[in-house]
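Numbering (UniProt numbering), first residue to last: 1 to 538.
Notes to accompany the following structure.
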């Protein structure tokens, strides 16, 4: 016999009643200890900027990051990133096994368990995941509607978070321009995290309210944006005059914040994981790792043993796919076949992964004689990667005179591939092109490269570079797109009267236009100073 249908309206009604009682209790406690003029917060449902409320736009704002800004209220993926990137796969696997217990113990104790597993034993001085890894995933989780809600308020902005402040401080202050962040601090003993958080009353993060400048006669924020399931910060939001509530149903309709609206562009980020590690995705990652290691060995063996054309077919079958694009109005194919007979062509490409020269060599089989010599000059390949490289690599030592002679010598022996950025960039940006290549030859062919992975990044700034090819070849699928542009006219070379800087900037602009990437003046040194705190010398 079928049971009676569940009346969901009744449960929604009870949720609102319980929620209102909780806030009334907080208000009564606050009123007993504050001035007699204190008033109860007024609650409004999202969307909140209704008629007659425009005067609130210039007041201070306090918002709950997980509930009012991010599309997903789950904090597990961010703790998993900390565990994987800072503690290693074993720590991340431990956190995954404990996930059912985390859900069982509720929000407060669940966060405490995740904090202990992720942070215990880590060095405070070397912890950089909150600065180099988490901002990318947090920005991708920001809801466009939630972002607009926060940014429409023109006063001081205060973010309240359930996570330790060390995880989100850089994201909120540097990338979203939020003035103050309220979050729990982590206890440190002898320079190491012990996996415990400071008490809410003594945590320095909760003292941020004292730093907020007074606005008129108000000594506290007047606008609050929270969510219905925010049970950890009722005391803080009870200081607001008006609180706007966001429900999970509202957030399901939010759109992802487009990159064009980022207050600060995300150009550099580090870490190995390329996909958001939700519990299901994390389970799939650990199930895939044994197969990925086996696939890595098979791919590498086949590539070394089989001829180019056969290995290309096999690699395509196993998920390493590539696309060669030659624009219709480009005369590069016939011209390269003619010039390659003499050798000395310089292929200038942007740098996405360490396999860029390898994919380029595969693509050039279609437009140049395969018997001609092809080498690649590199700056920072590890010795292991250099040893197993399928094409000849030449290491540059960052000495202008010696590097210049090395490039000239290699051009005399055959064609050469160079990545003048000097380092990889994962996002749709181009770093400054070093002009060293421009004065060596007038036979310059720009090549635009784009690369996408499905699970692991094959580049790192702060990790072990010897593992770059391992993670790259462990991906279930990857795709490399090569666009061979037309050879530079003589009038755009140094021999045609242009300076080496003009040539380098022109090539960068051509590649940026082909990929729809934005050109920057940032350098390799800027990247490594931001991500690793050094100049990137291997």
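All residues carry an ideal CB built from backbone N, CA and C; glycine is no exception.
With residue i and residue j assumed to form a contact (beta carbons below 8 Å), what rounded beta-carbon distance in angstroms separates them?
i           : j           : result
residue 417 : residue 347 : 5 Å
residue 471 : residue 272 : 6 Å
residue 320 : residue 478 : 6 Å
residue 310 : residue 144 : Actually they do not touch by this definition, with Cβ atoms about 48 Å apart.
residue 312 : residue 362 : 6 Å
residue 241 : residue 222 : 5 Å
residue 457 : residue 274 : 5 Å
residue 117 : residue 94  : 6 Å
residue 524 : residue 423 : 4 Å
Could you tell me the alpha carbon to alpha carbon distance between residue i and residue j, rounded to whole angstroms?
i           : j           : result
residue 427 : residue 132 : 13 Å
residue 124 : residue 485 : 48 Å
residue 107 : residue 99  : 12 Å
residue 465 : residue 459 : 7 Å
residue 395 : residue 377 : 6 Å
residue 260 : residue 268 : 16 Å
residue 60  : residue 136 : 27 Å
residue 119 : residue 134 : 15 Å
residue 526 : residue 192 : 28 Å
residue 245 : residue 138 : 21 Å
residue 285 : residue 455 : 8 Å
residue 421 : residue 351 : 7 Å
residue 518 : residue 71  : 27 Å
residue 181 : residue 349 : 42 Å
residue 522 : residue 263 : 18 Å
residue 112 : residue 105 : 10 Å
residue 153 : residue 186 : 31 Å
residue 83  : residue 90  : 9 Å
residue 414 : residue 392 : 11 Å
residue 532 : residue 462 : 5 Å
residue 178 : residue 374 : 50 Å
residue 475 : residue 326 : 27 Å
residue 110 : residue 159 : 21 Å
residue 236 : residue 130 : 24 Å
residue 365 : residue 324 : 11 Å
residue 409 : residue 399 : 15 Å
residue 434 : residue 411 : 18 Å
residue 297 : residue 243 : 57 Å
Using 10 angstroms around the beta-carbon of residue i, count the other beta-carbons present and answer buried if the total reaches 16, otherwise exposed.
i           : result
residue 482 : buried
residue 174 : exposed
residue 316 : exposed
residue 68  : buried
residue 480 : buried
residue 87  : buried
residue 122 : buried
residue 574 : Coverage of the chain is limited to positions 1 through 538, which leaves residue 574 absent and any answer about it impossible.
residue 491 : exposed
residue 301 : exposed
residue 157 : buried
residue 163 : buried
residue 496 : exposed
According to DSSP, which residues form a beta bridge with residue i?
i           : result
residue 517 : BP columns for residue 517 are empty, so no partner.
residue 375 : 392 and 416
residue 320 : 478
residue 184 : 164
residue 273 : 456
residue 473 : Answer is none; residue 473 lacks a bridge partner.
residue 344 : BP columns for residue 344 are empty, so no partner.
residue 61  : 157 and 223
residue 483 : 325 and 448
residue 197 : 186
residue 192 : 123 and 189
residue 464 : According to DSSP, residue 464 bridges with nothing at all.
residue 430 : 519
residue 143 : 256
residue 425 : Partner(s): none; residue 425 has no beta bridge.
residue 349 : 447
residue 70  : 142
Ignore the nearest five residues each way along the sequence and tell me which others in residue i's own chain have a CB closer than 6 Å to its CB.
i           : result
residue 161 : 65, 168 and 183
residue 55  : At residue 55, the pLDDT of 46 sits below 50, so the modelled position is not reliable; the number obtained from the coordinates is stated separately. Once the five neighbours on either side are set aside, residue 55 has no close Cβ partner at all.
residue 448 : 483, 511, 514 and 515
Excluding sequence positions up to five away, which residues of its chain have a Cβ less than 8 Å from the Cβ of residue i?
i           : result
residue 534 : 528
residue 520 : 267, 429, 430, 431 and 432
residue 73  : 66, 67, 227, 229, 248 and 251
residue 96  : 80, 279, 282, 283 and 286
residue 443 : 339, 344, 345, 346 and 487
Ordered along the chain, which non-local residues of its own chain (more than five positions away) have a Cβ less than 7 Å from that of residue i?
i           : result
residue 438 : 494, 500, 503 and 504
residue 306 : 314
residue 452 : 478 and 479
residue 508 : 430, 433 and 519
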